[in-house]
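Residue numbers (our numbering), protein chains in the order written: chain A, 1 to 314; chain B, 1 to 278.
Beta carbons: idealized from backbone N, C-alpha and C, even for Gly.
Report on one structure; see the data block that follows.
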């Protein structure tokens, strides 16, 4: 009896101390996460709300803020500001062209490198990855020079091959494809992610295709691509989100030209805010971008159920 | 027959690899080649493939026209404080999200992660106005301080992934021995995940070194410029002096490549990590 009493006593004490550590853990947990939580509030949540609020005003740095309702949005969407749809169109064109091309190119590089019979794999991998290390400012300078119609490398090569030289970023029609070409040059990061995914595919699967008399093509379409869909999906989402935010290339190489043919959305926003000081207007531009990206991401996630392979199958 | 088609396949494979390698490397070559030419040579038609004579003085000339030494120090200053802040604050937050239990932890983490998808364009203007209200325009505070508040959702995510792989018994044993949570974080988790911290440090270095919009928006006086902004203003001043512009660009590119070769192993692993658990 006495034994039992002491036992429950110590048990209670144990429970109490456990509860105390639990409480303490929760407290310390929140404390340790607080830099991130405060950072989120200070640099993301509050600015977002402020941006939304400001987009309903006419604030332009010098004037007193005045509530004007949806006027900023209306003026953008009904075409009063002709640059809005231009910027949206240019950026959409760029995203639709560069995202799939970069994915395919990166995937192609990764598949090449994943071949077991290749020697010097690490060297090729490094070479393919190298361009992604270059600061965008510097790579913009380099490509500006490469695209130079008279003295640039690209036209020099074309002339050597007796092909007609182009105007590249200096022509309305070719400026976006030119910048897409430049983005292909920096798809090494995506390649590394694909490569890691490829290395995770079990070898037995390929062997069973071989046993059934399948060729490389069958391996690619029945094993590699289906099993890689989660990685493709990840890179697709990231590609979309980053594609909409291209800025430096426009700022340094084209200043949005020629004739606004490379007026990238973020550059347009920057110009509205920091050149013309139309802060409130720029907030509205930013929020429209946010809504577009959110909707697109949602759409990709929704359709992903149809084509993204999940572990364990459906 | 079979052997023949094998070797053909191999040849095609290497041809592709070589073609892509040329595509990746040729711009670097053109950059170096142009940075070593004189003004007359560079305007020669048709363009020459090799600089003759090689003109190393472009570098000293480009670097003295604008105070690139100063820009270099400015950039290093920002990079050092950003990396320190990022590593400390992202690791302590990741530790909490991975190993400490507290109410709504995973919800908070999810919200934090979703902020990775937020375009910076949405927050740029209010953040700018906020710093301007605090009188911090033309200082390094707007570029450094955010790193000390979590260091970015991406880094927290990356570290949390690593922390989850460490067996929980380690923490429990340490707790029973009377160690506090901070001791566990600093004496067990941090040393065990040094490679992950290096990855975060390297990525932060690159991001910070390559950052253009931040310094462009926040820095006004020339003496405070970073290398990226310095290079941009150089282009504005010496538009047609391609040889000097390319020399200056090479100087900006070089440190990033050096750092990559030092930390290559960690880079490749780090990028692979991000995609696997997307």
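Euclidean distance between Cα positions of residue i and residue j
i: residue 122 of chain A; j: residue 129 of chain A; result: 10 angstroms
i: residue 77 of chain B; j: residue 148 of chain A; result: 35 angstroms
i: residue 94 of chain B; j: residue 33 of chain A; result: 7 angstroms
i: residue 287 of chain A; j: residue 245 of chain A; result: 13 angstroms
i: residue 258 of chain A; j: residue 116 of chain A; result: 47 angstroms
i: residue 234 of chain B; j: residue 225 of chain B; result: 11 angstroms
i: residue 178 of chain B; j: residue 184 of chain B; result: 10 angstroms
i: residue 102 of chain B; j: residue 181 of chain B; result: 13 angstroms
i: residue 193 of chain B; j: residue 105 of chain B; result: 22 angstroms
i: residue 128 of chain B; j: residue 86 of chain B; result: 21 angstroms
i: residue 23 of chain B; j: residue 105 of chain A; result: 12 angstroms
i: residue 266 of chain A; j: residue 255 of chain A; result: 12 angstroms
i: residue 55 of chain A; j: residue 297 of chain A; result: 23 angstroms
i: residue 71 of chain B; j: residue 110 of chain A; result: 37 angstroms
i: residue 98 of chain A; j: residue 150 of chain B; result: 32 angstroms
i: residue 226 of chain A; j: residue 264 of chain B; result: 30 angstroms
i: residue 53 of chain B; j: residue 138 of chain B; result: 43 angstroms
i: residue 250 of chain A; j: residue 176 of chain A; result: 10 angstroms
i: residue 42 of chain A; j: residue 114 of chain B; result: 16 angstroms
i: residue 191 of chain B; j: residue 114 of chain A; result: 33 angstroms
i: residue 253 of chain A; j: residue 154 of chain A; result: 16 angstroms
i: residue 175 of chain B; j: residue 195 of chain B; result: 25 angstroms
i: residue 136 of chain A; j: residue 124 of chain A; result: 22 angstroms
i: residue 172 of chain A; j: residue 38 of chain A; result: 45 angstroms
i: residue 58 of chain A; j: residue 187 of chain B; result: 54 angstroms
C-beta neighbour in chain B for residue i, strict 7 angstroms
i: residue 102 of chain A; result: no
i: residue 314 of chain A; result: Caution applies to residue 314 of chain A, whose pLDDT of 35 falls short of 50 and renders its modelled position unreliable; the value that the coordinates give is listed next. For residue 314 of chain A, the answer is no, since every Cβ of chain B falls outside 7 angstroms of its Cβ.
i: residue 204 of chain A; result: no
i: residue 249 of chain A; result: no
i: residue 253 of chain A; result: no
i: residue 299 of chain A; result: no
i: residue 48 of chain A; result: yes
i: residue 110 of chain A; result: no
i: residue 141 of chain A; result: yes
i: residue 90 of chain A; result: no
i: residue 279 of chain A; result: yes
i: residue 136 of chain A; result: yes
i: residue 127 of chain A; result: yes
i: residue 240 of chain A; result: no
i: residue 30 of chain A; result: yes
i: residue 213 of chain A; result: no
Neighbouring residues, chain A, relative to residue i (Cβ below 7 angstroms)
i: residue 218 of chain B; result: Result: empty, since nearest Cβ-Cβ is about 11 angstroms, beyond 7 angstroms.
i: residue 228 of chain B; result: 135, 137
Contact list for residue i against chain B, beta-carbon separation under 8 angstroms
i: residue 308 of chain A; result: Chain B residues near residue 308 of chain A: none, gap ~11 angstroms exceeds 8 angstroms.
i: residue 25 of chain A; result: 100, 101, 102, 181
Any chain A beta carbon closer than 7 angstroms to residue i
i: residue 144 of chain B; result: no
i: residue 1 of chain B; result: Because the pLDDT of residue 1 of chain B is 45, which lies under 50, any placement of that residue in the model is unreliable, and the question is left without a value.
i: residue 121 of chain B; result: yes
i: residue 314 of chain B; result: The question about residue 314 of chain B has no answer here: the residues shown for chain B are numbered 1 through 278.
i: residue 221 of chain B; result: no
i: residue 201 of chain B; result: no
i: residue 18 of chain B; result: no
i: residue 278 of chain B; result: Low confidence applies to residue 278 of chain B: its pLDDT is 36, below 50, so where it sits in the model is not reliable enough to give any reading.
i: residue 150 of chain B; result: yes
Contacts that residue i makes with chain B (C-beta to C-beta distance below 9 angstroms)
i: residue 185 of chain A; result: 23, 24, 27
i: residue 269 of chain A; result: 121, 124, 125
Contacts that residue i makes with chain B (C-beta to C-beta distance below 7 angstroms)
i: residue 274 of chain A; result: 217
i: residue 106 of chain A; result: The premise fails here: residue 106 of chain A is roughly 11 angstroms from chain B at the closest Cβ pair, so nothing lies under 7 angstroms.
i: residue 51 of chain A; result: 122, 123, 125, 126
Listed by chain order, chain A residues near residue i by CB distance under 8 angstroms
i: residue 127 of chain B; result: 43, 47
Contacts that residue i makes with chain D (C-beta to C-beta distance below 8 angstroms)
i: residue 115 of chain A; result: The structure shown has no chain D; the protein chains it does contain are A and B.
Partners in chain A for residue i, counting only beta-carbon separations shorter than 9 angstroms
i: residue 42 of chain B; result: 151
Going residue by residue through the segment 269 to 309 of chain A, where are the continuous alpha helix (DSSP H) segments of at least 4 residues, counting only ones entirely within it? 279 to 307
Closer than 8 angstroms is the cut-off here; do at least three beta carbon pairs connect the segment 241 to 250 of chain B with the segment 23 to 40 of chain B? yes
Does the segment 112 to 123 of chain B come close enough to the segment 278 to 293 of chain A to have 3 or more Cβ pairs within less than 8 angstroms? The segment 112 to 123 of chain B makes contact with the segment 278 to 293 of chain A, as at least three CB pairs between them are under 8 angstroms.
Note down, one range per segment and in chain order, each alpha helix (DSSP H) of at least 4 residues found wholly within the segment 67 to 94 of chain A. Runs of the alpha helix (DSSP H) inside the segment 67 to 94 of chain A: 71 to 77.
Which runs of the alpha helix (DSSP H) at least 4 residues long sit entirely within the segment 174 to 255 of chain A? Give them in chain order. Counting whole runs of 4 or more residues, the segment 174 to 255 of chain A contains the alpha helix (DSSP H) stretches 175 to 185, 188 to 199, 203 to 211, 225 to 243.
Entirely within the segment 16 to 68 of chain A and at least 4 residues each: give me those alpha helix (DSSP H) ranges in chain order. Segments of the alpha helix (DSSP H) lying fully in the segment 16 to 68 of chain A: 46 to 54.
The segment 187 to 195 of chain A in contact with the segment 227 to 241 of chain A per 3-pair CB rule at 8 angstroms: yes
Can you check the segment 117 to 161 of chain A for any alpha helix (DSSP H) of at least 4 residues that lies completely inside it and give the ranges in chain order? 121 to 129, 136 to 146, 153 to 160
So does the segment 215 to 229 of chain A actually touch the segment 138 to 157 of chain A, counting three or more Cβ pairs closer than 8 angstroms? no
How about the segment 198 to 218 of chain A and the segment 260 to 276 of chain A: do they share at least three Cβ pairs that are nearer than 8 angstroms? no
May I have a chain-ordered list of the alpha helix (DSSP H) segments no shorter than 4 residues that lie completely inside the segment 25 to 102 of chain B? 39 to 42, 57 to 65, 68 to 99
Quick test of the definition: if touching needs 3 or more C-beta pairs under 8 angstroms, does the segment 43 to 61 of chain B touch the segment 217 to 232 of chain B? no
Can we say the segment 72 to 81 of chain A touches the segment 149 to 166 of chain B, given the rule of at least three CB pairs closer than 8 angstroms? no
Can at least three beta-carbon pairs, one atom from the segment 1 to 20 of chain B and one from the segment 209 to 219 of chain B, be found at a separation below 8 angstroms? no
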